[in-house]
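Let me begin by presenting the structure, written as structure tokens, before commenting on it.
Chains as they are written, first to last, in this note's numbering: chain A, 1 to 285; chain B, 286 to 690.
The structure is reproduced here in structure tokens:
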């Protein structure tokens with residue numbers, strides 16, 4: 001039996017996206033320019049630095065911010081990456097992921113703060129975030145291509161859409177979970193709203209915010225293969241290639257490469273705020 | 286009662302009703318008066334935090350708001366610095382209407398005039414103690430060197446010298462609350478608001494903190510509003526106490542007024558189990574000394590007449606500074622002097638004093654008066670801190686006060 005009504009939603013969206021592409025091409029172009037600039041700077045830097053320098057520098061950074069264990073882990077991961085002849089391509093992925101994470105944090109943090117402060121904004125945001133996380137990422141690859149063409153930029157944009165929600169949610173949650181008495185103390189001692197945010201709410205929300213950053217990194221890394229489908233480079237394209245050729249060896253190596261990069265990025269990022277996180281968590285127990 | 290003329294803090298008919306529709310509840314209170322909290326909440330969606338609260342705190346005193354949880358004491362103290370916006374009524378500090386201040390002015394008052402101490406310390410766990418204590422100065426924009434100096438001083442004042450670089454989690458609860466106190470003192474405010482400041486501490490530490498606190502406050506001269514659910518604590522540290530129930534103040538007075546003359550019902554029940562000997566002071570039960578004292582230069586006739594008139598067994602001779610010089614026992618005196626009607630001044634050797642004078646300060650508790658009274662038959666002399674006689678406590682009075690206790 002036929003359904004009585006057929007809403008041409010797909011058509012509508014299509015014409016809406018077309019209309020956007022035609023009328024706002026300058027906006028999309030400028031976004032593209034900015035994102036591309038960021039990516040190219042990072043990418044060429046990481047690729048340009050000789051591997052021993054990178055390896056040692058990152059190892060030392062890891063050691064400095066989070067201790068010897070993280071230093072050793074960083075060195076091992078990066079060495080593993082190089083051993084599989086994935087250094088250059090791995091650095092490209094690193095640049096891609098860092099760009100996506102940077103943009104996600106840049107937008108996710110203020111959105112999270114706003115959501116924590118304004119229940120109305122939170123209500124509006126929630127369904128959108130749900131959508132961003134549940135609609136299969138392949139679906140928004142199409143408009144991404146329409147807006148930004150083929151290449152790294154739509155890949156990054158798609159990655160940001162996927163990786164942004166945890167950043168927003170966990171920032172908001174972190175701020176809302178700050179002990180009310182501490183907030184009262186801030187107000188009682190005469191904090192302005194900005195001082196309250198910067199001196200009390202954000203610092204105390206750091207454990208939660210950093211969990212958000214961690215999630216964002218992980219989700220961005222999990223997106224590299226999908227992004228490769230629309231022309232993003234790096235390890236993702238290598239995995240895509242291995243799928244097409246059913247080349248297990250390349251697939252395994254590239255997959256491990258992504259894992260190594262994930263570990264390095266996460267340990268160093270967490271390490272930066274480790275001391276503060278420990279102090280806050282310690283105090284709660 | 287508090288000094289009527291120049292109270293430091295004055296609350297006039299302060300209400301705090303949570304929920305919308307507060308105004309109608311305040312206006313038609315008679316209608317809602319008889320309802321229970323739950324009924325009121327179901328009918329109006331509102332919770333009355335504090336109602337009709339009127340009290341004054343004079344400069345330099347410790348004023349306790351005492352009540353069980355849910356009695357509105359924490360709400361009321363938050364109305365003073367407007368952490369809770371009062372729904373009705375006025376709050377004055379130094380005759381300035383706090384409730385009428387703009388946001389900006391209010392922030393200034395919070396920064397300069399008031400410090401607050403919280404039940405669970407409310408420290409910033411990611412900051413070292415010095416930076417915790419300096420928070421108030423930091424938000425005022427005091428430069429780093431200056432505020433650290435003051436934070437160090439404040440930490441030293443509360444006995445945390447040497448801990449400045451530690452983190453809160455390295456400290457015990459009692460020490461953490463010292464940091465909370467140091468933070469409140471660092472800005473040198475005139476007023477401290479203390480919300481259950483010692484309630485989260487274990488009993489021994491709590492007692493120790495109370496004692497130190499009272500000493501410290503005498504030194505730094507602050508006006509304190511102290512919220513507590515612990516009557517013992519209130520009686521220990523307060524100059525005045527307001528006892529709250531269901532959002533309203535049911536009785537106000539000095540600790541001994543509360544203990545000796547509790548308001549019918551709630552307060553009475555509250556204080557009935559108290560060991561009153563620990564709260565009644567010499568000042569509360571002493572009698573005016575007039576009947577018992579004569580000047581050192583009095584004549585035998587005057588002395589004997591006065592003692593006869595008031596049927597005294599003992600009398601006290603005081604010098605021109607109102608300091609007791611001698612205790613005279615009627616029978617001993619007669620034995621030495623006979624029933625002489627001499628109008629001569631009594632020579633020193635003829636006023637034999639077999640009994641040393643026992644004198645105490647007005648703050649002495651009945652508990653220790655009892656011990657002293659057991660050792661002597663002579664009435665106890667109450668002196669002020671200059672040694673001037675203020676009152677007399679005959680042994681019968683002590684016994685009678687025990688009866689009521």
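All C-beta atoms, glycine included, are put in the ideal place defined by N, C-alpha and C.
- For residue 66/A, the closest of 239/A, 280/A, 265/A by C-alpha to C-alpha distance is 265/A.
- Here residue 448/B carries a coil assignment [DSSP, helix/strand/coil].
- The segment 455-541 of chain B is shown to contain whole beta strand (DSSP E) runs of 3 or more residues at 476-480, 508-513, 525-530, 533-538, in chain order.
- Within the segment 2-14 of chain A, contact with chain B at the beta-carbon level (separation under 7 Å) is assigned to no residue.
- By the CB criterion at 8 Å, residue 94/A and residue 46/A fall inside the cutoff.
- Closest by C-alpha distance to residue 42/A, out of 139/A, 169/A, 100/A, is 100/A.
- The shortest CA-to-CA distance from residue 298/B to any of 309/B, 506/B, 364/B is the one to 364/B.
- When only Cα atoms are considered, residue 664/B and residue 600/B end up about 9 Å apart.
- One thing to note: residue 532/B has its Cβ no nearer than 8 Å to the Cβ of residue 402/B.
- Between residue 144/A and residue 171/A, the C-beta spacing is not below 8 Å.
- In this structure, the beta-carbon distance from residue 96/A to residue 212/A does not fall below 8 Å.
- Under the 8 Å criterion on CB atoms, residue 366/B is classed as interfacial with respect to chain A.
- In the DSSP assignment, residue 83/A falls within the unbroken alpha helix (DSSP H) covering 68-83.
- By the neighbour-count criterion, in which 16 or more other beta carbons inside 10 Å mark a residue as buried, residue 77/A falls on the buried side.
- For residue 608/B, no CB of chain A lies under 8 Å from its own CB, so it is not counted at the interface with that chain.
- Taking 8 Å as the cut-off between beta carbons, none of the residues of the segment 548-578 of chain B comes near chain A.
- If you draw a straight line from the Cα of residue 653/B to the Cα of residue 313/B, it is about 51 Å long.
- Contact between the segment 353-364 of chain B and the segment 531-547 of chain B is present: 3 or more CB-CB pairs across the two stretches fall below 8 Å.
- Under the DSSP assignment, residue 181/A falls in the alpha helix (DSSP H) whose first and last residues are 180-188.
- Among the residues of chain A, none has a CB under 9 Å from the CB of residue 304/B; the nearest is roughly 17 Å distant.
- Residue 131/A is positioned such that its CB atom lies no closer than 8 Å to that of residue 168/A.
- CA-CA distance, residue 609/B to residue 341/B, rounds to 38 Å.
- Around the beta carbon of residue 271/A, 16 or more other beta carbons lie within 10 angstroms, which makes this residue buried.
- Membership of residue 668/B in the beta strand (DSSP E) is indicated by the continuous run 665-668.
- For residue 21/A, no Cβ of chain B is located within less than 8 Å of the residue's own Cβ.
- The beta carbon of residue 71/A sits closer than 6 Å to the beta carbons of 59, 62, 63 from its chain, once the five residues preceding and following it are set aside; these are given in chain order.
- Per DSSP, the beta bridge partners of residue 599/B are 614/B.
- Where residue 297/B is concerned, the enclosing beta strand (DSSP E) starts and stops at 292-303.
- Here residue 122/A has 115 as same chain residues with Cβ atoms under 6 Å from its own Cβ, once five neighbours each way along the sequence are excluded.
- In this structure, DSSP gives residue 630/B an extended state, which the three-state scheme calls strand.
- Residue-level contact by beta carbon holds for residue 421/B and chain A, with a gap shorter than 8 Å.
- In this structure, residue 208/A sits near residue 174/A, with a CB-CB distance shorter than 8 Å.
- Distance from residue 36/A to residue 153/A at the Cβ level is roughly 5 Å; contact confirmed, criterion being Cβ atoms closer than 8 Å.
- Annotation: the continuous alpha helix (DSSP H) that includes residue 364/B extends over 358-365.
- In the three-state scheme derived from DSSP, where H, G and I count as helix and E and B as strand, residue 336/B is classed as strand.
- With a cutoff of 8 Å on beta-carbon distance, residue 522/B and residue 499/B are scored as near each other.
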